[in-house]
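Taking my numbering, the leading residue of the sequence shown gets 486, the next gets one more, and so forth. Each residue gets a CB set at the ideal place from its N, CA and C atoms; glycine is no exception. If you're wondering where the values come from, they're calculated on a predicted model, not measured in any experiment. Here is the structure we will look at.
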Amino acid sequence: MNIQLAKLATMKIRTSSTQKKASERRRNDLLDLLSQDDDKQRRPCPDCHTLCKCDKHSSHCTCGCSVDCKYAPRMLSSDPDLYPIESNVVPLVYAMSVLRVAEPCWSCEGHLKNDNELLRPPQVWFYSDSTVYPELISEYLHDLCFIKETSCLWTVMLCQHTASHATTFSIKPEISEEVKITSKILRQLQNDLHVISYSLREKVFKLAEK
Ligand SMILES: [Zn+2]
Ligand SMILES: [Zn+2]
Ligand SMILES: [Zn+2]
Numbered sequence: 486m487n488i489q490l491a492k493l494a495t496m497k498i499r500t501s502s503t504q505k506k507a508s509e510r511r512r513n514d515l516l517d518l519l520s521q522d523d524d525k526q527r528r529p530c531p532d533c534h535t536l537c538k539c540d541k542h543s544s545h546c547t548c549g550c551s552v553d554c555k556y557a558p559r560m561l562s563s564d565p566d567l568y569p570i571e572s573n574v575v576p577l578v579y580a581m582s583v584l585r586v587a588e589p590c591w592s593c594e595g596h597l598k599n600d601n602e603l604l605r606p607p608q609v610w611f612y613s614d615s616t617v618y619p620e621l622i623s624e625y626l627h628d629l630c631f632i633k634e635t636s637c638l639w640t641v642m643l644c645q646h647t648a649s650h651a652t653t654f655s656i657k658p659e660i661s662e663e664v665k666i667t668s669k670i671l672r673q674l675q676n677d678l679h680v681i682s683y684s685l686r687e688k689v690f691k692l693a694e695k
């Protein structure tokens with residue numbers, strides 16, 4: 486054993502019971518995710534009881550459920566009258582709601598001020614008791630950036646000091662300070678929101694099954 490390794494060996498702290506608990510919890514969280522209904526099995530919008538358009542005329546049928554549902558911007562919002570979900574961020578809020586284990590709680594499609602300064606980047610905030618889901622989403626976002634599907638890297642971060650007591654994370658683009666945000670760049674970031682939403686469930690499930 487060389488000196489470096491010997492040093493590491495003596496530094497190791499006994500963590501077996503912590504590790505065992507963590508891996509058990511991780512396994513349960515993954516199984517929980519993989520057992521969730523998709524949007525054809527159950528409506529993703531909380532409290533949506535709109536009567537559907539097929540022969541069933543049902544308040545539970547999912548025949549009309551998709552990112553394009555005209556009710557989604559209101560049904561996905563906790564304050565539909567004042568703050569329906571902004572159109573460019575609806576697909577990602579919808580996709581997060583279909584995961585069901587990472588409930589979105591705040592979103593913004595991104596805005597400029599004076600046409601050339603970023604007021605707020607596009608983003609979605611979500612609750613998660615488990616760190617496994619933010620991890621999987623983060624891995625998916627890295628993959629998307631790596632294959633250049635998104636215009637930049639999007640990251641998952643823990644939100645500090647939120648008003649709620651639930652653990653909250655954000656999904657945001659990583660924008661370097663030198664980049665001047667023009668309306669063209671904002672449009673690219675908003676396009677990323679769509680790209681991220683397309684295969685979120687499918688790819689996060691694949692990562693969870695690994
Ligand atoms: Zn809906
Ligand atoms: Zn129906
Ligand atoms: Zn906004």
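Here His596 is bridged, per DSSP, to Arg605.
Here the distance from the Cβ of His596 to the nearest heavy atom of ligand 3 is below 8 Å. According to the DSSP assignment, Lys657 belongs to the beta strand (DSSP E) that extends over Thr653 to Pro658. One residue list follows from the rule of a beta carbon closer than 6 Å to any heavy atom of ligand 2, given in chain order as Cys537, Cys539, Lys541, Ser543, Cys546 and Cys548.
Counting C-beta pairs closer than 8 Å gives three or more between the stretch 604-616 and the stretch 648-666, which meets the contact rule. One thing to note: Ile666 has its Cβ no nearer than 9 Å to the Cβ of Asn573. DSSP lists Phe654 as the bridge partner or partners of Leu643.
Beta-bridge annotation (DSSP): Tyr579 is not paired with any residue.
In terms of side-chain proximity, the C-beta atom of Cys593 is found nearer than 8 Å to a non-hydrogen atom of ligand 3.
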